[in-house]
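As given, the protein sequences belong to chains A and B, one line each in that order.
Each residue of the first sequence is one higher than the last, beginning at 281 in the numbering used here.
Each residue of the second sequence is one higher than the last, beginning at 807 in the numbering used here.
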Amino acid sequence: MNFSTLEEVGNKERQRQEKYQRRIFCCTSTACLSAGAGQVHTTLDQAVAACKCDEHEAEVVKTGCMGLCSSGPLVRVEEKEVDPVLYGNVSQEMAQYIVSRHVPMGEIEEEVDSEEQDESVTPHDMLHYRASLRRARTQTELDNTIISLDHPFFSKQVKVVLNETGRINPDKLEDYLAHGGYKALAHVLDKMTPEEVCNEILDSGLRGRGGAGFPTGLKWNFVRQEGAENKFVIVNGDEGDPGAYMDRTVMEDDPHRVLEGMIICAYAVGASHGYLYIRGEYPIAVDRIRKAIRAARRRKILGKSVLGTKFGFNAEVRIGAGAFVCGEETALIHSVEGKRGMPRIRPPYPSTSGLWEAPTVINNVETMGNVPSIITRGAKWYSSIGTEKSKGTKVFALAGHLRNTGLIEVPMGITLREIVYDIGGGIPDDRQFKAAQTGGPSGGCIPAEFLDTPVDYESLTKLGSIMGSGGLVIIDDSTNMPDFANFFMDFCEDESCGKCIPCRVGTVQISKLLDKLISGEGKPEDLEKLDKLCQLVKSTSLCGLGQSAPNPVLSTLKYFGNEYDILVQPTQTVEAGES
Amino acid sequence: MVELTIDGQKVMAHPGTSVLDAALANNIDIPRLCHHPELSVSGGCRLCIVNVEGNPNPTPSCGLTCEDGMSIETQNAELYQTRREIIDLFISEHPLDCVTCDKSGACLLQKYAYEFGISKTSHEFEISKPIYQDDNPFFIRDHQYCILCGRCVRVCDEIVGARAIDFAGRGFECHIATPFDDPMKDSTCVFCGNCVQVCPTAALTPVSRLGKGREWELERVKTICGYCGVGCQIEYALNDGEIIYAQSTPDAPVNSEFLCTKGRYGWDFATDPERLTSPMLRRDLAYELGLTSEPWVLPDRSPLKVRKPKIDDSFIPVDWDTALDLVAGTLAKTVNEYGPDSVMGLASARCTNEENYIFQKFMRLGIGTNNLDHCARL
C-alpha cells in the first residue's frame, strides 16, 4: 500500500468530519479520566442521541489532552462559523446542559417502534434526557464553567508535539491521517536519503528531551555510520519523575505521531526493529500504542515493506515493571533484553553497543514526537523557535502551587516568570512564589531571583538544576525546603538499583542526615557533612540517577541555606515559610 | 599496541585493554573491590577511579579503555580522599566483626579499611540486609557482610552458566538472591562454590571453615585434583593436619580460580580412616607366596551379600616393592608364555593426560600390544 491510498483514507475522514455542523470533543486522557471523563463521555453520547437531531448536526469525539488538566474533565465544542467553546470541570449533569445548549432538538417521532431504536438508549432514558435537556435551556451557570481560549495559558504556548492532542481521536488512524499524519514518513521514504534525514534533524537543533539534551541528529548519525547488520530503535516511555506526565500524554493522545517519528528514525539509521518501552503504570498509553501499532500494521505502515518501499520496520511494546532507574538508557536496554534493569558503565554507548550489543538509538517519546513536524515543516522553521543552543519547544507538566496546572508546550527560552505568572496564572491564596523545581528528583530548586532566567538546557544547568524530562513543580512560601529536598531524597533512596555504593548507601546517609536536621537534632558540622556527602554521591555514582540524586539537596543548600542554618541553631524552631 | 602514561610511567597496552588491567600489568596497584580479572566489568564499587587528563570528573579505570596518548593519574590527595569516603560508606553498613570473623586476613574490605586507616564509619551505622541463610551443606550466606560487588552473580552467569543468583530488591534492600528467595537447593545452583571463591568478604563462607582457625594460621598444600583428567590445581587449607576448605589460586594453569563441586567440596576422603594407603594383596595369593601364615577361608556367605565386608578379611597390606614385583613378574610371565596380545590395559579417567600417555606408551612399547582402552569411553 503506498501513501496515496492512505492519503485518500485521510481525505475521506476529513470530508466525513466536515459534514458535521458541530463536533464535541471530550478529553479521555488519564488526568481527565480520573476526574470522571469516562462518564462525561458516555453522557455526551447519550444526550446527543436523545436529541434525535439530524445525523450531521453533532458528533461526540473521544480525544486527548487539552492542557488545563487541573480543570478536568474538559469538553470543547467546535461549531461551524462559531468560535470554539471550552468547558472545564464538566460533570455528568453539565454534559447534558452542554448538549442542550449547542445541539438542536429534533422532533420526536411518537409512532416509532421501540425495537428499531438504538439499543443503548431506552425510551425511558430518552424521555428522561429530553426533559432534563429542556430544563437545561434555562441554565445560566454553565457560562461560569467556560474557560476563555484567549487566556495566556493557551496563547503563550507554541504547539508542536502537542499540536494534534485534544483534536484527534487517538484510537483512529484515519483521524491522524486526516490531520496530515504519516506525510513526513512518506516524504522521507520518497525523497530523502538516510543521511539527509539525519542532517535535517541535526540542522533543526533538536536535542534529547529526556533531560540530558544530547543532539538527536548527532546520535542518529553515530548509529547510521555503524556497519552492523542489526540495529535497533528504542523509544523511552519510562517516564518516572513524580508529577511529570508529558510522555504519557503524547503516547495516549497522539500515538501515531510517536510511531511516525520512530519509523523515520529507523529509516535514517537503518534499523529494522524497534521497541517502545512504556512504563507499566501507564495502561492507557500501552493500550493506545498497541492499537496504533496494530492499525499501522494493517495499513502497511509497519511491516516488511513500509508504504510499499523496500524499507521494512517492525515495532513492539515492552512494558516496564516499575523501576525508576529503567529510564536510564543502559538499564532500559537490560530490561528490554529481559534482564534486571541495572545500568552499566559507559562507554560503550548504546550507539555503538546497545540492545543485544547492536548499535541502538534510544530517544525519549517527546523527541520522537518532534521528528514528523521537523520533516514536514523543515529544519529552518524548527530552529527559528527557541534560543541559540536550545531549539524548538518543550513540553512541561506544570504542577504545584499555581492557579492553572496542566500540560503546556512552550518555546525554549521562555522565562520562568512567564510560565509561572502568565501561563500558570500566578500563586493562589495570596502566597508568594518561592522556588521552581525542574527535572523531578534529579533536578534542583530555582529561587525567585532567577525567575527571569530563560528556560533552556544551559541556563538551568548553570543554576544547579537540569531541564530534565519536563516536570516543573512550583512551590509557594508555605513549603519548607529541607522537607521538600528530603521528599526527593527518599524517592531516590527507594529507586536506587543497588549496584554502586555511593547511590545505594550515600542516598540513605543523606536521608538520615536530613531527618536528623529536620528533627532538630542536627549540629552545625552536620551541614558541612551533608554538603560533602552530596558532592561525593554526585561525582562518583555510576549512572545519572545517582549523579543527579543530590541535586535537590545541593540546590536548596545553595539558595535556601538559611533554612538549614536555622535547623542547627539549638533554641529556635523553623517556621514554615521563612526564607 | 597503544601507548599511554600512567602515573608518569610510559605503558604499552593491547587495544581494548582497560586502564586498570594495563596498570596492574605494570605493577601499578589501584584499589578495587568489584573487579575480577576473569569476569566482566561491573563498575559498582567506584574505588578504581582515576583522573584522566582533560576529563574533569574521576572515571573508574575498570571500564576505561586504553587510548593512545592518554595520561592517567591513579594517586593523588583528592583521589585518596574520595576512595577513603567510599570505604567509609561501605563500612557504614558492614559490621566490623573482624575480631571473630573467619574471613579476617583474607577480606578485601578489611584490607582497604586498614590501608586507608578507617577503624569506624563516620556515618550512622545501619545493616541494610540482616539475612542469614544456611540452607545448604556447603556454604552459608551471611548477607550483612555482603558489599554487593556482584562478583558471585557474574561468576555464576559467565563462568559456571548456572545463573542461580542475581540482584533482587531495590536501593538499601538490594541483596543477592535466588529466584523468589527460595532455598539454594531449589535453584539452578550446582554448588560448585565458585561464588564463595570470588567473594571478597565473609558474605559467602564454606561451612567446613566456620570457627576452624584464622586465615594466617592455616597451612596451605597445593595438589592436583584426582577426580578427572582435567587436572585442576587445588589448594587445601589445613589446620593441624585437618583440611578446612579447598580453593584454587589465580596462578593455577588449567583452572585459574575455579573448581567444580567435587574438587571444592569432595575432599573428605583424603583423611578418611578407611582410605587405602598401601598396596593390598589378595589373601589367597599371599598365602601361596608365603607372605601370610593364615590361609584364606571362603566366607560362610557370599562376599557380595555381606553388608559391610572388611577389607582385611580378603586382603593383606604389602609394601610397594612386593606389589610391583608381583605385578611385573606375572605380566612378564604371561607375555612370555602367551604373547603380548594376551594382555589388555584399561586406564582410568581419573588419571591425568600425562599419566594416560605414559600408560599407553608402556602398553605399546613395554608390553607390545594395542589392546588398550579407557573407562571414559564406556
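By construction, the Cβ of each residue, glycine as well, lies at the ideal position given by its N, Cα and C atoms.
Source: prediction; values computed, not measured.
- For A1052 of chain B, the CB contacts under 8 Å within the same chain, skipping 5 residues up- and downstream, are I1040, E1041, Y1042, A1043, L1065, G1069, R1070, Y1071 and W1073 in chain order.
- K1139 of chain B carries a helical assignment under DSSP once its states are collapsed to helix, strand and coil.
- Of the residues assessed, L1171 of chain B falls on the exposed side of the cut-off, its CB having fewer than 16 other CB atoms within 10 angstroms.
- For E298 of chain A, same chain residues with a beta-carbon under 8 Å away, outside a window of 5 residues either side, do not exist.
- In the structure shown, I581 of chain A adopts coil according to DSSP, grouped into three states.
- The Cβ of K463 of chain A sits no closer than 8 Å to any Cβ of chain B.
- Neighbours of D774 of chain A in chain B, taken as residues at a C-beta separation under 7 Å, are given in chain order as R976 and G977.
- DSSP places E775 of chain A in the helix class (H, G or I) of the three-state scheme.
- At a cut-off of 8 Å, the C-beta of P782 of chain A has a neighbouring C-beta in chain B.
- In this structure, L830 of chain B lies away from M876 of chain B, with their beta-carbon atoms at least 8 Å apart.
- At a cut-off of 8 Å between C-beta atoms, D972 of chain B counts as an interface residue with respect to chain A.
- For Y629 of chain A, same chain residues with a beta-carbon under 7 Å away, outside a window of 5 residues either side, do not exist.
- The beta carbons of G849 of chain B and L822 of chain A sit closer together than 8 Å.
- Around the beta carbon of M761 of chain A, a 10 Å sphere encloses 16 or more other beta carbons of the protein chains shown; the residue is thus reported as buried.
- In the structure shown, N942 of chain B falls within a coil segment according to DSSP collapsed to helix, strand and coil.
- Residue environment for T1029 of chain B: exposed (fewer than 16 other C-beta atoms within 10 angstroms of its C-beta).
- Take the alpha-carbon of C840 of chain B and the one of F502 of chain A: they are about 31 Å apart.
- Straight-line spacing of the CA atoms in K796 of chain A and N831 of chain A works out to 19 Å.
- In the three-state reduction of the DSSP assignment, Q815 of chain B falls in the strand class.
- Taking 8 Å as the CB threshold, T888 of chain B lines the interface with chain A.
- A straight line joining the alpha-carbon of K714 of chain A with that of T888 of chain B spans about 35 Å.
- Among the residues facing chain A, L954 of chain B is included, as its CB has a counterpart in that chain under 8 Å away.
- Across the structure, A828 of chain B and E637 of chain A are spaced so that their CA atoms are roughly 25 Å apart.
- In the three-state reduction of the DSSP assignment, T308 of chain A falls in the coil class.
- Q849 of chain A sits exposed, since fewer than 16 C-beta atoms from the chains shown fall within 10 Å of its C-beta.
- M692 of chain A sits in coil when the DSSP states are folded into three classes, being neither helix nor strand.
- The criterion of a C-beta distance shorter than 8 Å is satisfied by M526 of chain A and E646 of chain A.
- For the set A:I655, A:S799, A:V785 and A:A315, the Cα lying nearest the Cα of I933 of chain B is the one of A:V785.
- Put simply, the backbone Cα of E668 of chain A is about 29 Å away from that of S819 of chain A.
- In this model, G720 of chain A and Y701 of chain A are separated by some 21 Å (Cα to Cα).
- In this chain, the alpha helix (DSSP H) harbouring G824 of chain A covers G824 to S828.
- At a Cβ-Cβ threshold of 8 Å, V340 of chain A and V328 of chain A count as neighbours.
- In this structure the region 863-880 of chain B does not lie against the region 960-979 of chain B, because fewer than three pairs of beta carbons, one per stretch, are closer than 8 Å.
- In the three-state reduction of the DSSP assignment, N516 of chain A falls in the strand class.
- With the criterion set as a beta carbon lying under 8 Å from some beta carbon of chain A, the members of the region 890-920 of chain B are E891, I892, L895, F896, S898 and E899, in sequence order.
- Following the DSSP letters along the chain, one finds K674 of chain A inside the beta strand (DSSP E) bounded by residues T673 to G680.
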